[in-house]
Amino acid sequence: MSSVAARARVKRRRNPRRLVRRAGLNLLGLLVFAVIAFPVYWMMSTAFKQGGEVLSYEPQWLPTRPTLDSFRAAVERDFFWSSVRNSIIVVLAVVALSVVLAFLAAVALAKFRFYGRRGFVVVIFAVQMVPLAALVIPLYITLSAVDQVNRLSGVVVAYTALVLPFCVWTLRGFVAGIPKELEEAALVDGSTRLGAFVRILLPLVAPGLVATSIFAFIQAWNEYIIAYVMLSSQDRQTVTVWLANFITGTNRGVEWGTLMAGATLTALPVVVFFVLVHRRIAFGLTAGAVKQ
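Set out below in structure tokens:
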């Protein structure tokens with residue numbers, strides 16, 4: 001093994017083009033990471049700065065005197081806690097509904113053969129291609145007809161319809177990858193179809209359920225357009241609409257420090273949720289088959 005590794009190292013040394021290409025790809029990856037991460041860093045850095053540092057024409061890369069005044073002002077701003085509560089209610093309802101409905105639809109698409117199955121898959125793709133701005137007016141008219149405008153329940157229905165196609169398609173791949181022999185073996189051993197579904201299919205598709213819940217959570221928490229159009233009362237607005245009021249709802253200009261603090265607080269739930277469940281995404285179907 002050592003001789004094989006030594007020959008591989010010599011081969012890599014004799015191929016400078018490969019080294020140059022690898023270094024170029026690494027530099028490109030670092031550049032892309034810097035472009036993506038810098039706005040997040042600047043947001044968090046500005047949230048801890050004093051007012052003079054925030055408005056300074058000379059960029060202050062690090063806060064010289066860190067302060068929590070901006071966070072205190074954001075938390076004490078009107079309708080902050082009610083907006084957080086509304087967002088949590090909407091997100092939990094959307095995640096629960098989308099995961100359950102998407103799982104049942106994915107099982108039907110992957111395990112059963114019925115008329116119109118391929119057409120349904122094509123419709124799922126087509127829905128993903130429609131811009132969200134084109135759906136706002138039809139959604140508003142439809143929800144207005146059933147008295148769901150300016151209601152959190154109407155926003156939940158709209159968000160669920162928004163994330164459901166992608167969730168169905170994602171879970172379909174997980175369900176289709178489960179061998180039929182596992183379910184058949186459970187039926188031969190005396191288990192009912194419902195028992196095989198609960199003991200075999202559900203544990204194996206757990207990584208897909210987690211990945212789908214993360215997508216639904218992020219989409220529902222960060223969505224702004226539908227909430228802004230559907231919710232007119234400030235006590236029913238979500239946290240993204242509340243955050244937009246920093247720009248449109250003040251006569252003293254934009255309070256950048258408080259705005260960045262509010263944006264940081266708004267981003268925290270998504271980060272915390274991802275950190276708590278991201279390990280489940282790495283579990284493959286094989287790991288799920290052997291874990292009891």
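This note's numbering puts the first residue of the sequence shown at 1, with every later residue one more than the last.
Yeah, the Cβ is synthetic: ideal placement off N, Cα and C, and Gly gets one too.
Small disclaimer: the values here were computed from a predicted structure and weren't measured.
Contact fails between the stretch 116–133 and the stretch 199–208, because fewer than three Cβ pairs, one in each stretch, are under 8 Å apart. With 16 or more other CB atoms across the displayed protein chains lying within 10 angstroms of its CB, S70 is buried.
Here F80 carries a helix assignment [DSSP, helix/strand/coil]. If you ignore the 5 residues before and after P165, its C-beta comes within less than 7 Å of the C-beta of I124, V127 and Q128, all in its own chain and listed in chain order.
Counting only runs of 4+ residues, the alpha helix (DSSP H) found wholly inside the stretch 121–148 occupies 132–145, in chain order.
Its chain contains F114 as the residues whose beta carbon lies nearer than 8 Å to that of A108, once the 5 sequence neighbours on both sides are disregarded; these appear in chain order. Sequence-distant partners of V163 (beyond 5 residues in either direction) whose C-beta falls short of 8 Å from its own C-beta, in its chain, are V94, S98, F215, A216, Q219 and A220. Judged by pairs of C-beta atoms under 8 Å, the stretch 220–233 does not touch the stretch 25–42, as fewer than three such pairs exist.
F33 is classed as exposed because its beta carbon has fewer than 16 other beta carbons within 10 Å across all chains shown. In this structure, F246 sits near T258, with a CB-CB distance shorter than 9 Å.
About 6 Å separates the Cβ atoms of P63 and S45, confirming a contact at the 8 Å cut-off.
Here F120 is exposed: its Cβ has fewer than 16 other Cβ atoms, across all protein chains shown, within 10 Å.
Remark: C-beta atoms of A196 and E181 do not approach each other more closely than 9 Å.
In this model, F174 and V271 are separated by some 25 Å (Cα to Cα). For the pair R22 and L268, the Cα-to-Cα distance works out to about 35 Å. Around the CB of I137, fewer than 16 other CB atoms lie within 10 Å, so the residue is classed as exposed.
One alpha carbon belongs to Y159, the other to P131, and they sit about 14 Å apart. Comparing alpha carbon positions, the residue from T67, L68 and K49 closest to W61 is K49. Excluding five sequence positions before and after V155, the CB atoms of its chain that fall closer than 7 Å to its own CB belong to V90, I226, A227, M230 and L231, given in chain order. In this structure, A47 places its C-beta atom within 9 Å of the C-beta atom of A261. The C-alpha of Y57 is placed about 28 Å away from the C-alpha of T240. Per DSSP, the unbroken alpha helix (DSSP H) holding R22 starts and ends at P16 to A47.
Bounds of any alpha helix (DSSP H) do not take in W61, whose DSSP letter is neither H nor E.
For N150, the secondary structure class from DSSP, reduced to helix, strand or coil, is coil.
Excluding residues up to 5 positions away in sequence, F48, K49 and Q50 lie with their Cβ nearer than 8 Å to the Cβ of T67 in the same chain. DSSP, read as helix, strand or coil, puts D69 in helix.
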